[in-house]
Each structure stands twice: as C-alpha cells, then as structure tokens.
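Our numbering applies: residue 105 is where the sequence shown begins, and numbers increase by one.
Heads up, the beta-carbon is just placed ideally off N, CA and C, and yes, glycines get one too.
Down below is the structure, laid out as structure tokens.
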Amino acid sequence: MNRIDLKSATTLREPAELVAHGLAAAADLPDLQKVAARYAVAVTADIAALIDADDPDDPIARQFIPSADELVTQPGENADPIGDHAHSPVAGIVHRYPDRVLFKLVHVCAVYCRFCFRREMVGPGKATALSQAAYQDAVEYIRAHPEVWEVILTGGDPLMLSPRRLAEIMADLAAIDHVRIIRIHTRVPVADPARVSGEMIAALKVKGATTWIALHANHARELTDKARAACADMIDAGIPLVSQSVLLRGVNDNVAALEALMRAFVECRIKPYYLHHGDLAPGTAHLRTTIEHGQELMRSLRGRVSGLCQPDYVLDIPGGHGKSPVGPVYLSPANSFSGEREQEAETRYRIVDYCGDVHLYPPEP
Ligand code: SF4
Numbered sequence: 105m106n107r108i109d110l111k112s113a114t115t116l117r118e119p120a121e122l123v124a125h126g127l128a129a130a131a132d133l134p135d136l137q138k139v140a141a142r143y144a145v146a147v148t149a150d151i152a153a154l155i156d157a158d159d160p161d162d163p164i165a166r167q168f169i170p171s172a173d174e175l176v177t178q179p180g181e182n183a184d185p186i187g188d189h190a191h192s193p194v195a196g197i198v199h200r201y202p203d204r205v206l207f208k209l210v211h212v213c214a215v216y217c218r219f220c221f222r223r224e225m226v227g228p229g230k231a232t233a234l235s236q237a238a239y240q241d242a243v244e245y246i247r248a249h250p251e252v253w254e255v256i257l258t259g260g261d262p263l264m265l266s267p268r269r270l271a272e273i274m275a276d277l278a279a280i281d282h283v284r285i286i287r288i289h290t291r292v293p294v295a296d297p298a299r300v301s302g303e304m305i306a307a308l309k310v311k312g313a314t315t316w317i318a319l320h321a322n323h324a325r326e327l328t329d330k331a332r333a334a335c336a337d338m339i340d341a342g343i344p345l346v347s348q349s350v351l352l353r354g355v356n357d358n359v360a361a362l363e364a365l366m367r368a369f370v371e372c373r374i375k376p377y378y379l380h381h382g383d384l385a386p387g388t389a390h391l392r393t394t395i396e397h398g399q400e401l402m403r404s405l406r407g408r409v410s411g412l413c414q415p416d417y418v419l420d421i422p423g424g425h426g427k428s429p430v431g432p433v434y435l436s437p438a439n440s441f442s443g444e445r446e447q448e449a450e451t452r453y454r455i456v457d458y459c460g461d462v463h464l465y466p467p468e469p
C-alpha cells in the first residue's frame with residue numbers, strides 16, 4: 105500500500121501536483137488539466153492520506169482525483185441537475201418546499217467531489233461568496249416567509265466559513281422567530297477534521313434554534329479516527345448528526361461497502377439519513393449506477409443490518425421537483441401476486457420480508 109503523506113495544511117489543487125505525488129499518471133496530465141479548467145480540484149492532506157496510490161480502483165481516489173471521463177457530457181446531463189435556479193427567489197436562497205429553504209452561503213469546499221451535483225456552481229473560479237447586501241436580502245426573504253421552519257445551510261461547504269462569521273449567521277437566523285431548525289450540510293469533518301475546533305462548535309450552537317449537522321461521506325474509510333473525533337465533539341456538545349451519501353459506481357455500489365459505511369455512521373452516533381442516487385451532473389456518468397442496482401442494494405442492506413442503519417434511497421427529480429424515495433417496494437396488492445382471488449384483492453397484500461420471502465397480509469385464515 106502506497107500512502108501519500110502531506111503536511112497537514114496542504115491541499116493539492118493542480119493536476120501537476122497530483123502527478124508529482126503519485127495520485128495521477130503523468131500521461132493523463134493534459135486531460136486532467138482540461139478537467140481542472142472546468143471543474144475545481146482540491147484534495148486535502150487528510151483525504152490524500154486515505155488513498156492507496158497503488159490501487160487503480162481506490163474508492164477514495166475515485167471520489168476526488170479527476171478523470172478524463174469528466175470531459176464527456178452525456179445527453180440529459182445538466183449544469184443545474186436538481187433545478188436550484190428554478191426555485192431561487194433571491195440570490196443565495198432556494199425555496200423548493202414550503203417549510204424550508206436552502207441558504208447557499210459560500211461557493212468553496214475543502215475538497216471537490218468529482219460527482220458534485222453543483223459542480224458548475226462551486227469552486228474558486230465559479231462565483232464569489234454572497235455580498236453583504238445579497239446576504240441581508242436573503243435573510244430578509246426568510247424573515248418575510250413565516251412558513252420557513254428550517255434553514256439548510258449548504259453551498260459550497262458552510263464550515264469553510266470562519267467561526268466568527270458562522271456565529272453571526274447563526275445568530276441572524278435564530279433571531280427569526282419562525283426559524284426553529286438550522287441544518288448544515290458539510291464534508292469538512294471528513295475532509296479537514298482540524299477545522300472542527302472548539303470555537304467552530306461553539307459557533308454552531310445558538311439560542312432560539314436547534315442545529316443539526318448532515319455529514320457527507322461515501323465510504324467507511326472516510327470515517328478515520330480524526331473524523332470520528334470531530335463528529336463526537338459536535339455530538340457531545342449537543343448537536344445531532346445525520347448522514348448523507350451518494351451511491352457511486354466503484355466507491356460504494358456493493359452491499360459490503362454500503363453495510364460498512366452505514367455501520368460506521370451508527371457507531372459514530374450518526375443516523376443514516378439519505379443515500380442519493382447520482383444526479384445528472386455533467387461528466388459524471390462513469391460514477392452513476394442504475395436505479396435497479398440501487399434498489400437491489402437497499403434490499404440486500406435490509407437483509408443484513410437493523411433499521412438504525414437504513415438510509416432513505418432518494419432521487420432528486422430533475423427540473424427542481426424535489427426528492428422522492430426510490431427504494432424497493434415491499435407491499436403490493438395480493439392480486440398482482442396470485443391473480444386468482446378477485447374478491448380479496450382489495451383487502452389482502454403481498455409483503456416481502458428481509459430474506460426476500462413473500463407473505464400474505466392478513467394471512468390466510
Ligand atoms: S463537498 Fe458538497 S458541494 Fe462541495 S464538491 Fe463535494 S458534493 Fe459538491
């Protein structure tokens with residue numbers, strides 16, 4: 105195993121640096137430079153240390169090291185795959201569902217995921233953080249909409265902000281009476297756990313609203329001792345954590361990898377929340393699976409681990425129509441099973457157990 109050891113503050117951002125550290129082949133450099141000109145690249149020291157540079161199929165490398173496959177945009181792939189723009193009343197806000205808004209504060213991340221659904225919007229060259237005037241307009245929008253119960257800070261990665269700035273933002277939001285929940289989506293505890301300092305955790309806690317953290321991780325190896333400690337510090341401070349993962353070909357698209365990931369979350373006191381089907385982001389087809397395969401994996405997962413370890417398998421419907429569960433269906437009318445007892449079809453169901461065996465409900469008298 106060939107591990108890369110960088111100084112802790114180092115982040116690799118140039119394809120030439122990836123080649124120099126053995127994380128990409130020199131022959132690929134021209135293609136990788138084309139990829140990097142379009143989509144941001146960043147690999148932190150913590151992530152680089154997880155990659156086995158001798159393994160051409162390393163599941164961590166697949167998530168962060170650019171590939172020439174990203175130069176190919178498939179039909180149906182879209183720069184705004186989940187329709188953020190269609191539901192953005194003011195800069196920085198996406199108001200898709202009545203009771204919650206996304207608040208996109210920053211456009212930078214600690215690492216740039218090769219499958220990112222906002223890859224056309226995140227990265228140093230894409231856009232700058234919200235101006236102070238735009239930030240105030242966004243807060244005003246939330247204040248003027250009493251139906252907004254939950255504000256989801258996303259981006260970019262909100263934990264790239266300084267603790268001081270985060271504390272100001274949290275206080276501004278918590279001062280709005282109807283905002284009861286502030287949820288923060290982040291990859292920082294995995295990608296750069298040292299950022300989760302005592303000061304940062306103090307900034308996340310605020311009077312008047314409850315903070316939730318949604319941690320993004322896709323492979324059990326990402327939950328290193330340092331990442332686990334960062335999560336434990338947040339949880340011990342009273343901040344509940346849930347997980348979100350993306351189903352990715354060559355990363356976690358087998359039941360053993362998914363099982364290990366979900367068990368690792370639960371061991372860390374992080375409730376598995378979402379397993380996203382890969383969005384139709386440009387240049388990401390090589391990382392997507394089929395929905396049928398995802399459903400098969402979810403069926404297998406249910407046969408192996410408890411309900412604590414079960415995420416919802418969801419698809420963001422292109423065009424901004426929101427998320428829907430796309431996991432396997434366990435209950436169906438009995439007439440589609442036997443077809444012979446027409447009078448009972450409305451009251452009897454077939455239900456599949458965790459082993460895949462089929463039963464009737466209510467059972468035969
Ligand atoms: S951390 Fe999130 S927003 Fe940033 S590149 Fe990864 S998936 Fe995209």
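For ligand 1, no non-hydrogen atom lies closer than 8 Å to the CB of H125. The beta carbon of L133 lies closer than 8 Å to those of P119, A120, V123 in the same chain, with the five residues before and after it left out. Counting only runs that start and end inside the segment 218-260, the beta strand (DSSP E) elements of at least 3 residues fall at 254-258. A straight line joining the alpha-carbon of I285 with that of A279 spans about 12 Å.
When the Cα atoms are used, E468 and P437 turn out to be separated by approximately 15 Å. For H282, the secondary structure class from DSSP, reduced to helix, strand or coil, is coil. Judged by DSSP secondary structure, A318 falls outside any alpha helix (DSSP H) and instead within the beta strand (DSSP E) spanning 314-320. Measuring C-alpha to C-alpha distances from P432 to each of P415, G423, G426, H425 identifies P415 as the nearest.
Taking the Cα positions, Y239 is about 8 Å away from L209. Annotation for D188 indicates a beta carbon at 8 Å or more from all heavy atoms of ligand 1.
Comparing alpha carbon positions, the residue from E400, T290, G407 closest to H211 is T290. Non-local C-beta neighbours of Q137 in its own chain, meaning closer than 6 Å and more than five positions away in sequence, comprise P119, ordered along the chain.
D156 has its CB no nearer than 8 Å to any heavy atom of ligand 1.
Shown here, L209 sits in coil according to DSSP, grouped into three states, outside any helix or strand. Taking each of P344, R408, D156, L464 in turn and checking the Cα distance to I305, the smallest one comes out for P344.
Cβ-Cβ distances below 6 Å link Y417 to L379, G398, M402, V430, G431 in the same chain, with the five nearest sequence neighbours on each side left out; the list follows chain order. Annotated as proximal: P376 and C413, with beta-carbon spacing under 9 Å. Distances taken from the Cβ of C213 to the heavy atoms of ligand 1 include one shorter than 8 Å. In this structure, G407 places its C-beta atom within 9 Å of the C-beta atom of G460.
Distances from the CA of I151 to each of V350, N322, G354 were compared; the closest alpha carbon is that of N322.
Counting of Cβ neighbours within 10 angstroms places Q178 among the exposed residues, the total staying below 16.
Under DSSP, the beta-bridge partners assigned to T115 are T148.
Taking 9 Å as the cut-off, the Cβ atoms of R200 and H189 do not count as close. The three-state reading of DSSP puts K427 in strand, counting E and B together. Taking all protein chains in view, the Cβ of S266 is surrounded by fewer than 16 other Cβ atoms within 10 Å, so the residue is classified as exposed. One Cα belongs to Q236, the other to G126, and the distance between them is close to 42 Å. Put simply, the segment 159-178 touches the segment 380-396. At least three CB pairs are less than 8 Å apart. Each of A271, A313, C213, D261 was checked against the Cα of V252, and the nearest Cα belongs to A313. Its Cα nearest to that of H249, the residue R204 stands out among P262, R204, K330, C372. Setting aside the 5 residues that flank it on each side, I169 is surrounded in the same chain by L122, L127, A128, V147, I155, R218, each with a C-beta closer than 8 Å to its C-beta; the list follows chain order. In this structure, I288 lies away from I246, with their beta-carbon atoms at least 9 Å apart.
In the DSSP assignment, R200 falls within the beta strand (DSSP E) that extends over 197-201.
Contact annotation: D296 and V215 have beta-carbon atoms nearer than 9 Å. For I421, the closest of F221, P202, L110, A149 by C-alpha to C-alpha distance is F221. At least one heavy atom of ligand 1 is found less than 8 Å from the C-beta of F221. The C-alpha of D161 lies about 16 Å from the C-alpha of A360.
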